[in-house]
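If you read the protein sequences in the order shown, they are chains A and B. Each residue of the first sequence is one higher than the one before, starting from 21 at the first, in this note's numbering. Each residue of the second sequence is one higher than the one before, starting from 21 at the first, in this note's numbering.
Number of protein chains: 2
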Amino acid sequence: MSEAKKTEKNRNFVTALARGLEILRAFEPGHTMLGNQELAERTGLPRPTISRLTYTLTELGYLSYNARLGKYQPAAGVLALGYACLASFGVRQVARPLMQELARDLDVAVALGTRDRLQMIYLENCQGQGALTLRLDVGSRIPLATTAMGRALLAAVPDEERSYLLDRLRRHHKDDWERVREGIEKAVEDYRMQGYVSSRGDWSHDVNSVGVPLVLPDSTVVAFNCGGPSFLLSQQRLDEELGPRLRTMVSDVRNILAHV
Amino acid sequence: MSEAKKTEKNRNFVTALARGLEILRAFEPGHTMLGNQELAERTGLPRPTISRLTYTLTELGYLSYNARLGKYQPAAGVLALGYACLASFGVRQVARPLMQELARDLDVAVALGTRDRLQMIYLENCQGQGALTLRLDVGSRIPLATTAMGRALLAAVPDEERSYLLDRLRRHHKDDWERVREGIEKAVEDYRMQGYVSSRGDWSHDVNSVGVPLVLPDSTVVAFNCGGPSFLLSQQRLDEELGPRLRTMVSDVRNILAHV
DNA sequence: GAATACTGTTCCGCTATGCGAACAAGCAGT
DNA sequence: ACTGCTTGTTCGCATAGCGGAACAGTATTC
């Protein structure tokens with residue numbers, strides 16, 4: 021059941037808006053060209069509804085229509101929607117130079133993100149010279165439960181929110197929930213004991229990374245990760261170099277924010 | 021009259037969706053925290069309508085509500101909307117290394133963008149070491165008529181689209197239309213004669229830049245600019261270095277795309 | 001402390017939108 | 001060329017959304 025249906029019975033909830041946004045979310049890298057029928061399949065909405073919503077989004081500049089293929093793709097207008105969001109995360113400006121320095125020093129990728137539903141959304145990404153990792157743009161989505169960044173956030177949110185998220189994650193990860201739950205529990209424990217969490221081949225089998233959360237002054241929780249391909253980043257390097265260095269960097273970010 | 025009202029009478033146009041998106045667009049850097057009343061003023065919509073739409077956007081994770089201030093701000097979910105858009109501009113991956121190299125060589129900012137309504141939206145931005153310019157993120161909006169990037173696009177679009185845009189720009193720039201029109205006409209002429217356009221203090225009084233358009237294989241028009249603070253970038257440097265170098269870089273991008 | 005102003009929410013009658021069914025257009029297979 | 005399938009659009013009735021008026025809560029002014 022999509023998010024749009026969850027609160028549909030609430031008289032204040034505007035279903036048309038929710039559905040239009042679900043259409044925009046249906047596009048993803050690897051699927052940037054979709055027809056009305058494909059959108060109907062991906063969203064579960066009837067084709068007449070899709071037809072009207074895609075027409076509206078195209079008129080407004082959020083989708084463009086490729087007449088030759090009979091398909092839609094996101095247009096530049098959707099980028100403008102997110103820009104103010106980035107501007108409201110002041111932590112980005114503070115963190116960016118420190119992230120870039122760490123990325124260069126260790127020749128890894130260092131990213132900052134926050135949670136959206138059951139995923140982490142990249143707010144910033146800095147990369148070392150080697151550039152061996154897939155470069156994920158701002159706006160990229162990665163899983164909450166199996167990545168270092170996601171696990172770091174789960175370790176830092178209030179207990180009530182974590183319980184709520186664990187419940188939703190259990191329903192989301194039906195088949196391998198035991199393994200996912202153990203990874204999260206270990207992360208909460210790791211964070212308590214050593215101040216950082218890790219994902220060692222849990223998300224992508226050849227990616228290792230560590231994560232550290234940060235609770236902002238307004239109580240928003242963000243998280244950093246630092247990692248790369250597992251053939252370059254041994255377990256030892258994670259524990260003796262990346263973890264401690266990231267923890268120190270996040271501590272520096274926190275200190276700078278406290279004096280703004 | 022907002023875009024949402026333009027096509028409101030069309031039975032296929034979904035007004036609720038259009039209005040919800042107008043709310044998201046109302047947030048901008050410098051105005052990332054807005055209350056329902058402020059949103060009503062900025063969009064021209066009645067307060068009950070705003071109340072329902074902001075409630076819906078908050079439920080879905082596109083806005084978050086700051087109870088202490090009684091205001092809304094964009095949440096991370098809006099970033100996810102735009103990510104597929106970036107992924108569909110393959111030109112970014114092709115152009116980025118060449119842009120980064122040029123930015124480093126000349127110690128300037130080199131950006132790529134495309135049009136959304138009467139603005140250019142940044143798709144990519146690379147910066148030299150000096151970092152003296154305000155770093156504009158992907159998603160940033162700059163004017164169409166007074167920037168090098170915007171003028172480059174106007175110089176390259178089909179005549180019919182340019183006429184349409186000039187008409188809308190005339191209504192948008194009521195008071196200084198003569199000056200704006202002259203800048204656009206000069207840009208079209210410059211592009212024809214020398215392959216690049218310029219903006220010398222026309223957008224921001226202390227920013228000079230040059231621009232070169234690129235028509236992609238699917239006929240989408242994008243544009244590059246290259247520039248920085250005017251005290252570093254003399255007229256001579258624009259014409260003898262930046263313009264020619266940017267034109268060559270864009271030519272290289274075009275050649276690479278032709279062989280993909 | 002009272003009055004006023006401002007902002008946000010609720011109500012309800014009217015208008016807009018949703019969607020199953022039907023239809024239309026284009027494509028694939030024979 | 002014909003038939004069947006797939007995809008997209010149109011129609012009409014039922015339901016959702018809109019917005020003026022009213023109400024509620026909070027802040028400001030006197």
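By construction, the Cβ of each residue, glycine as well, lies at the ideal position given by its N, Cα and C atoms. In this text the structure is predicted, and so the values were computed from the model without any measurement.
Are the beta-carbon atoms belonging to residue i and residue j less than 8 Å from one another?
i	j	result
Q147 of chain B	A129 of chain B	yes
G159 of chain A	Y142 of chain A	yes
R265 of chain A	L173 of chain A	no
T134 of chain B	A96 of chain A	yes
A60 of chain A	V34 of chain B	no
R171 of chain B	Q139 of chain B	no
Y216 of chain A	V230 of chain A	yes
V232 of chain A	V111 of chain A	no
G203 of chain A	D226 of chain A	no
C105 of chain B	L99 of chain A	yes
L101 of chain B	L101 of chain A	yes
A115 of chain B	E144 of chain B	yes
G64 of chain B	K91 of chain B	no
S239 of chain A	P94 of chain B	no
P49 of chain B	Y103 of chain A	yes
Does the CB of residue i have a neighbour CB from chain B at under 8 Å?
i	result
G64 of chain A	no
F47 of chain A	yes
K25 of chain A	Model confidence at K25 of chain A stands at a pLDDT of 42, short of 50, so the residue's coordinates are unreliable; what they give is reported in the following sentence. Judged by the 8 Å Cβ criterion, K25 of chain A is not in contact with chain B.
L122 of chain A	no
L41 of chain A	yes
G234 of chain A	Contrary to the premise, residue 234 of chain A reads as Leu rather than Gly in this sequence. Cβ-Cβ to chain B under 8 Å: no for L234 of chain A.
V273 of chain A	no
Spell out whether any CB of chain A is found under 8 Å from the CB atom of residue i.
i	result
A38 of chain B	yes
L118 of chain B	no
E181 of chain B	no
F33 of chain B	yes
D157 of chain B	yes
S229 of chain B	no
R161 of chain B	yes
I276 of chain B	no
E79 of chain B	yes
Y82 of chain B	yes
L44 of chain B	yes
V114 of chain B	no
Leaving out the 5 sequence neighbours to the left and right, which residues in its chain are closer than 8 Å to residue i when beta-carbon positions are compared?
i	result
R274 of chain B	L234
L236 of chain A	V111, V242 and L277
D272 of chain A	L118
R67 of chain B	N56, Q57 and A60
Once you ignore the five residues that flank residue i on each side, which residues in its own chain have a CB closer than 6 Å to its CB?
i	result
L189 of chain A	A165
R62 of chain B	A46
V208 of chain A	A175
W197 of chain A	R190
Would you please state the rounded distance, in angstroms, between the beta carbons of residue i and residue j? I believe it to be under 8 Å.
i	j	result
M53 of chain A	N86 of chain A	7 Å
Y75 of chain A	L41 of chain B	Not quite, the Cβ-Cβ distance comes to about 14 Å (not below 8 Å), so this is no contact.
Q255 of chain A	R199 of chain A	Not quite, the Cβ-Cβ distance comes to about 19 Å (not below 8 Å), so this is no contact.
N228 of chain A	A131 of chain A	No, N228 of chain A and A131 of chain A are not in contact; Cβ-Cβ is about 14 Å, not under 8 Å.
L122 of chain A	M269 of chain A	5 Å
L80 of chain A	I43 of chain A	Incorrect: roughly 12 Å between the Cβ atoms, too far for contact.
Q149 of chain A	R124 of chain A	7 Å
L253 of chain B	S218 of chain B	Actually they are not in contact, since the Cβ atoms of L253 of chain B and S218 of chain B sit about 10 Å apart, beyond 8 Å.
In its own chain, which residues sit with a C-beta less than 7 Å from the C-beta of residue i, not counting the 5 before and 5 after it?
i	result
Q120 of chain A	C146
S71 of chain B	N56
V280 of chain B	none
T69 of chain B	R39
Using a Cβ-Cβ cut-off of less than 8 Å, give me the residues of the region 51 to 77 of chain B that come near chain A, in sequence order.
H51, T52, M53, S71, R72, L73, Y75, T76 and L77
Closer than 9 Å, Cβ to any Cβ of chain A: which residues of the region 127 to 152 of chain B, in chain order?
G133, T134, R135, D136, R137, Q139, M140, I141, Y142 and L143
Going along the chain, which residues of the region 88 to 107 of chain A sit with their C-beta nearer than 9 Å to a C-beta in chain B?
R88, Q93, P94, A95, A96, G97, V98, L99, A100, L101, G102, Y103, A104, C105, L106 and A107
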